[in-house]
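Numbering (this note's numbering), first residue to last: 7 to 182. To start, the structure under review is shown below, and the notes come after it.
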Amino acid sequence: MKLLILDRDGVINYDSDAYIKSLDEWIPLPGAVEAIARLSKAGWTVAVATNQSGLARGYYDLATLDAMHARLRELVAEQGGEVGLIVHCPHGPDDGCTCRKPKPGMLQQIAAHYATPLDGIWFVGDSRGDLDAALAVHCQPVLVKTGKGERTLSKPLPAGTLIFDDLAAIADQLLL
Ligand SMILES: [Mg+2]
Ligand SMILES: [Zn+2]
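Written as structure tokens, this is what we have:
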């Protein structure tokens, strides 16, 4: 299958060091919704793996997170596309879970859901933890310059990391 996995904050929507805590703060990056819709309409399954430690920190609740993801699905649907499985890690950094990136648990959940191997699947993120999660399960690490991407780029990256301006540029590449 044509599977693409995305980080959420800084890839699909604007990120904030103060967390995305409400539906009002969940604002898509320019061209991101359209890129997902274009990929979906071309037969790509676009799944999402997102760290949401703000849940553990009590900054927002699951209903609010669900509302953000319903909004994402709705916006992509308006453009004729579909969002695949969205998995989130609700834990904090000290909870010792296996899903919080750089751990690859969410990528493995997505692979299990679709019963497909992860080898070579592109995982797109804006943080070093995304790239490391990708490498841990032999996904192709892909960095976008949106969100924290420029900050991530200022340090050495894992060998073989692909770099794109944004999600729209990735869609352009995959849909060539
Ligand atoms: Mg991110
Ligand atoms: Zn977790």
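C-beta atoms are modelled at their ideal positions from N, C-alpha and C, and glycine is treated no differently.
Beta-ladder partner(s) of LEU12, from DSSP: Answer is VAL54, VAL130, bridged to LEU12.
Which of helix, strand or coil DSSP assigns to GLN179: Reduced to three states, the DSSP call for GLN179 is helix.
Exposure of HIS119, with buried meaning 16 or more beta-carbon neighbours within 10 Å: HIS119 comes out exposed.
Simplified DSSP state of GLN146, which is helix, strand or coil: The three-state secondary structure of GLN146, taken from DSSP, is strand.
Cβ pair VAL89, ILE33 closer than 9 angstroms: In this structure, ILE33 does not lie closer than 9 angstroms to VAL89 by Cβ.
Exposed unless 16 or more other CB atoms sit within 10 angstroms - verdict on SER46: So SER46 ends up on the buried side.
Distance, LEU61 Cα to PRO96 Cα: Cα to Cα, PRO96 sits roughly 5 angstroms from LEU61.
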